[in-house]
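Heads up: the structure comes next, in structure tokens.
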Amino acid sequence: MQEKKTFYITTPIYYPSAQLHIGNTYTTVAADTMARFKKMTGYDTYFLTGTDEHGQKIERRAQAAGKDPQVFVDKIVEDTKKLWKLMDVEYDVFMRTTQPDHIQAIQRIFKRMLDQDDIYKSTYEGQYCASCEAFWTETQLNEGGTCPDCGKVTELVQEESYFFRMSKYQDWLIQYIEDHPEFIQPPSRANEMLQNFLRPGLQDLCVSRTTFSWGVPVDFDPKHVVYVWIDALFNYVTALGYMSEEDTLLKRYWPAQVQLVGKDIVRFHTIYWPIMLHALGLPLPKQVFAHGWLLFGNDKMSKSKGNVVYPPPIVARYGADALRYYLMREMPFGADGNYTNRALLNRINSDLANDLGNLVRRTLAMIEKYFDGVIPQPGIYEEVDIALREKALALPAAFEREMDALQFSQALQEVWRLVSESNRYIDLTQPWVLGRDDAGKERLKTVLYVLAEAIRFIGVLIYPVMPTTSKRIHQQLGITQDAHTTWDSLQAFGALPAGVAIQPGEALFPRVDVEKELAELEADKGKEKPQSDPVPVKKEPAKAQIAFDDFEKISLKVARVLSCEHLVGSDKLLKFRLSLGQEERTVLSGIAKYHDPATLVGRKVILLTNLAPRKIRGVMSEGMLLSAENPDGSLHLLFADDDVVEGAEIG
RNA sequence: CGCGGGGUAGAGCAGUUCGGUAGCUCGUCGGGCUCAUAACCCGGAGGUCGAGGGUUCAAGUCCCUCCCCCGCAACCA
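The working numbering numbers the first residue of the first sequence as 29 and each following residue consecutively.
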């Protein structure tokens, strides 16, 4: 049996000191897209993501929260996994540096480095801020030598530390980078490393700490813990069983084909990491790809600026696929990009709703209309048909070329060329004219088949980026066999089975009202508490099922607000005078904080009319107004359409 | 001279490796079509390609000088 080619891809392991945001999501979705693509094209694929859970910052955060560090990170890890699930990220392994097997492997690695004299014990000297318990370099300090974090005066402190002999390997690495231009991508990053760090000369790297204890203990010198460089970077191989008894995965997948990193951690992944791998006799990853950052508008995302974007509210509104598409399409991978809600919404409307969604819908609608929803058997291909067919057949190669270069945006652009061409094809062939007579209908069979087949191609190609939409498209085309949705099925134009009933469903991507959505997203953000659960859904135990008879006991009616005012002596209550047509009632409602009474007069509201009357603050309230409660506790009155007559029964 | 990235139509970007009529998306204006999610298709307007100088038959693209913006200090992608 022939061995499949392997493809190992990693994201950085994230630091779980706070909720992950859209930047982390960007990297991870990119890795997922790549992994799905490689899997689809026949590679034996392995995809790693995870969390780097040690270090002083987490130790302090946990302390501040009054929690054990492990408990603290467990919670964030749980949220992180939920986020990946929400984003349809299918990793093969979620690596955590607090796993026992990792800890043991790190201890062995540390010992081995010491034994072969790559690590030595010495003292670390630096400016230390006692308040922050952190070392700073001279250049990091404020003018006057104060701590950049808290502004207090720092002191020169010595700490016993283990050091890795980076300098020993620097010439080897310079040579390696020069000999392997593909190793660091984009190439400008390689320049940066060579100019700034490698050529000026590397300093030996401090690889242990004694100032905190939340880390992998150095087993032969227990007052030290292994510092992040070794602890975190080596996860990429300990996850495969390096330094354990079971290392078949390591043999199978290492070296990685691609390691994705943000531009801020390029140095660690292209200098320290390769040197340490080399020192241990391991091969280097084929490529370290540094992508840019997602900026908000032109600003850095920053909690203090209040512009950090979190995916869950976006996914809740538009679905994971829309966000995945935007992230992969909007900016070239490698350069910085801007995230704006407006750009996202515009992409959803133009690319997804207008171009793709509408193409699918209009095609299916015509198959429905002219052939009773059954995909027709094509006849002889004419010139226009052949032109579209050739474009479709040429697509996979172009797509693969761009994907292999991690140019997701370009790859999608290629697919959208076929989307456009297909829309154009409809204009050229004018199916609605063909449908008018029998002669035209023969020709129409071919036209609609060609269209449906082009859509099948599109469905297959978008799978890595939009897995759900891909499936929906194929479902709507009535495809039931997986063989018709594989990469190999794109070798021939015509795999779509004729004579099968299509299954038209909901619009793939409904158009959105940009201005309205922008306002609502903005409102969502105000209510959202970034430190809280990323899925801002209050989980209350579901109420027990009721019988219809139970519902029948309730009388809901539409009422018109005749007057509304603050109830004197209460800051919560509004006093309503309501008309139900035949009768009028007085009702109190505890929504004064969220509604201005003046704006409510004349509105149609929903009243629970048969609730037992109750005296509140001396006023008899005859019923209850329905309102909705947001997760933040705010209350919003529910309104009925103006067309509804007052007194109308609701049921 | 610290290092890197960038300055191209109203907006967002590609094109610069290996000089040869300035391109894409959105927006805008006009037309077409009516199968479709007011969607789709065609066409137009709109740019001294940051400034100046140089090389060349020819420069957004090569060379020199200068100006401006952004990162390298993070919420660490």
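We treat Cβ as the ideally placed atom computed from N, Cα and C, and that holds for glycine. All values derive from a computational prediction rather than experimental measurement.
Assignment of glycine 468 by DSSP, reduced to helix, strand and coil, places it in the helix class. A distance of 8 Å or more separates the beta carbons of valine 265 and glutamine 287. In the three-state reduction of the DSSP assignment, histidine 82 falls in the coil class. Per DSSP, the beta bridge partners of serine 150 are Ser189. Here the C-alpha atom of arginine 370 lies approximately 25 Å from the C-alpha atom of leucine 446. If you draw a straight line from the Cα of arginine 484 to the Cα of glutamine 503, it comes to about 10 Å.
By the CB criterion at 8 Å, serine 517 and valine 488 fall inside the cutoff. Within the DSSP bridge table, the entry for aspartate 72 names Thr34 as partners. Sequence-distant partners of leucine 373 (beyond 5 residues in either direction) whose C-beta falls short of 6 Å from its own C-beta, in its chain, are Val540, Val542, Glu545. Under the 8 Å Cβ criterion, the region 377 to 396 counts as touching the region 343 to 357, having at least three qualifying pairs.
By a beta-carbon distance limit of 8 Å, valine 528 does not contact isoleucine 486. Their separation comes to about 18 Å. The residues Val447, in chain order, have a CB closer than 6 Å to that of leucine 384 in the same chain once the five nearest residues on each side in sequence are set aside. Nearest Cα to valine 672 within the set Ala656, Ser607, Met652: Ser607. Looking from the CA of valine 629, the closest CA among Gly651, Phe667, Ser649 belongs to Phe667. Taking C-beta atoms as the reference points, lysine 603 and glycine 675 fail to come closer than 8 Å. Within the region 272 to 304, the complete beta strand (DSSP E) runs of at least 3 residues fall at 286 to 290. At the C-beta level, leucine 233 and methionine 194 come within 8 Å of one another.
Taken through DSSP and simplified to helix, strand or coil, asparagine 638 comes out as coil.
By the Cβ test, the region 113 to 124 is in contact with the region 76 to 95, since at least three Cβ pairs between them sit closer than 8 Å.
One alpha carbon belongs to glycine 229, the other to alanine 260, and they sit about 24 Å apart. CA-to-CA, the gap between glutamine 213 and alanine 318 works out to about 6 Å. Burial is judged here by how many other beta carbons sit within 10 angstroms of a residue's own beta carbon; alanine 535 has fewer than 16 and is exposed. Taking 8 Å as the cut-off, the beta carbon of leucine 472 is found no closer than this to the beta carbon of leucine 456. The C-beta distance from phenylalanine 537 to serine 437 rounds to 19 Å, too long to meet the 8 Å contact threshold.
In the structure shown, the three-state DSSP call for alanine 587 is strand. In the three-state scheme derived from DSSP, where H, G and I count as helix and E and B as strand, glutamine 504 is classed as helix. The C-beta distance from glutamine 84 to threonine 239 rounds to 7 Å, short enough to fall under 8 Å. Short of 8 Å from the beta carbon of isoleucine 582, and not among the five residues preceding or following it, lie these beta carbons of its own chain, in chain order: Leu636, Asn638. Shown here, lysine 314 sits in coil according to DSSP, grouped into three states, outside any helix or strand. In this structure, DSSP gives isoleucine 131 a helical state, which the three-state scheme calls helix. The three-state reading of DSSP puts glycine 401 in coil, since its state is none of H, G, I, E or B. Contact between isoleucine 395 and phenylalanine 262 does not hold, since their C-beta atoms are separated by about 55 Å, which reaches or exceeds 8 Å. Between the beta-carbon of glutamate 428 and that of threonine 69 there is about 7 Å, and that keeps the pair under the 8 Å contact cut. In the structure shown, the three-state DSSP call for leucine 373 is helix. 8 Å or more divides the Cβ of valine 615 from the Cβ of leucine 665.
Residues Ala535 of the same chain have their beta carbon placed closer than 7 Å to that of arginine 389, with the five preceding and five following residues left out of the count.
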